[in-house]
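**Q** Just passing along the structure, written as structure tokens.
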Amino acid sequence: MKKITLFRLCFPVLLLFSLAALPATAEKVQRLDIVDRAIEFHGGALYRGSEVRLRVSSRSGGFQVVSTVDGDSFEHVVSGKLRSGVVRKVRQTNTSLEQWNDGEPVELDDDGRRRAQSFVEARVYFSFLPYGLNDENTWKEDQGLEDWDGRKLHRVKVTFEAGSSNSAHDEYVFWFDSESGRLEQYAYSFGTGRDNGGLRFRPLSEYRRVGGILFFDATNLGVDGSGELRVDQITPAYVKEKMEHVSFVNLTGLKVKPVVAER
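Following this note's numbering, the numbering of the sequence shown begins with 782 at its first residue and continues without gaps.
Take a look at the structure:
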């Protein structure tokens, strides 16, 4: 999944393309109007001047997130109990990364830093989508309109500059409402795509706006296993025939406070 810089379902069997079918090859660009419109619709400038508190819960457990962004400065603090029973807390800023296990500081080597960053990213990046899609080293392909359950959604593929993060090889596809720009669903491939890889598809639900920022829950569908698994494979038919329920991602305790009010 993408390295954070600032903040860092069931469907019909047949896939029906719109008249503007997906291009065989699309130009990779850093900015797209549909993504800019989506970020603005979901919160826009509020992402860059707010303290957000929330609890994100899924199959891996429940974790408390406190994310503060003031312009180009950020601080993310994520804490919660792991399956091992250890209570982990990680604090990430523009310039530092710290971890505590059961209240005791942990000295991080390179592998420890990678895992600590992933611990934060997994709870922050997804919770604040689509913010982050214009991050540096993020490339987008406009893949046109695609029919999902009778709705024409604007499909955008996102990839990352090689070496820009721990998981720069992961690939994403996002589907936006073509009128409002609201993010409706997204999917991603991860790992090697062979023994340790897989695909995830997340349709969104329970939209609610708190402090001007739009939040949502997500159903997490997936498929794992050997073979070349690529996010480009995902269609309504693929979701229905291949993917199974993995978890439900729920955000609770949402609180948004403007940072500027504290100055």
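Built from N, CA and C at the ideal position, the CB exists for glycine as well. Since we're looking at a predicted model, the values are computed, not measured.
What three-state label does DSSP hand Y988 in the structure shown?
**A** If DSSP states are grouped into helix, strand and coil, Y988 belongs with the strands.
**Q** Whole angstroms are fine: how far does the CA of F971 sit from the CA of N977?
**A** About 8 Å.
**Q** Quick one: residues in its chain with C-beta nearer than 8 Å to the C-beta of A802, no 5 flanking neighbours on either side, listed in chain order?
**A** Confidence in A802 is poor, its pLDDT being 38 and thus under 50, which makes the residue's placement too unreliable to answer from.
**Q** Is it true that the CB of V837 sits closer than 7 Å to the CB of S908?
**A** Cβ atoms of S908 and V837: closer than 7 Å.
**Q** Candidates V1040, W881, N915, D890: which alpha carbon is nearest V810's?
**A** For V810, the nearest C-alpha among the options comes from N915.
**Q** Tell me the DSSP secondary structure of Y912 in three-state form.
**A** Y912: coil per DSSP, three-state reduction.
**Q** Assign A826 to buried or exposed, taking buried as 16 or more other Cβ atoms, counted over all protein chains shown, within 10 Å of its Cβ.
**A** A826 should be labelled exposed.
**Q** Around the C-beta of R936, are 16 or more other C-beta atoms found within 10 angstroms, so that it is buried, or is it exposed?
**A** So R936 counts as buried.
**Q** Is the separation between the beta-carbon of G992 and that of V1040 shorter than 7 Å?
**A** Contact: no.
**Q** How is W928 classed by DSSP in three states: helix, strand or coil?
**A** In the sequence on display, residue 928 carries Asp and not Trp. Looking at D928 - three-state DSSP - the assignment turns out to be strand.
**Q** Where does V1020 fall in DSSP's three states?
**A** In the structure shown, V1020 sits in a helix (DSSP, three-state: H, G or I).
**Q** One question on the structure: do F822 and S986 come within less than 7 Å of each other, judged by their Cβ atoms?
**A** No. Outside cutoff.
**Q** Smallest Cα separation from G842: which of V1004, R904, G1006, N875?
**A** Among V1004, R904, G1006, N875, the Cα nearest to that of G842 belongs to R904.
**Q** So which of R895, L889, Y828, R894 has the shortest CA-CA distance to P911?
**A** Per the Cα distances, Y828.
**Q** From G830 to V1012, what distance separates their C-alpha atoms?
**A** Their backbone Cα atoms lie some 33 Å apart in a straight line.
**Q** Going by beta-carbon coordinates alone, are L835 and L1035 separated by less than 7 Å?
**A** Closer than 7 Å, so yes.
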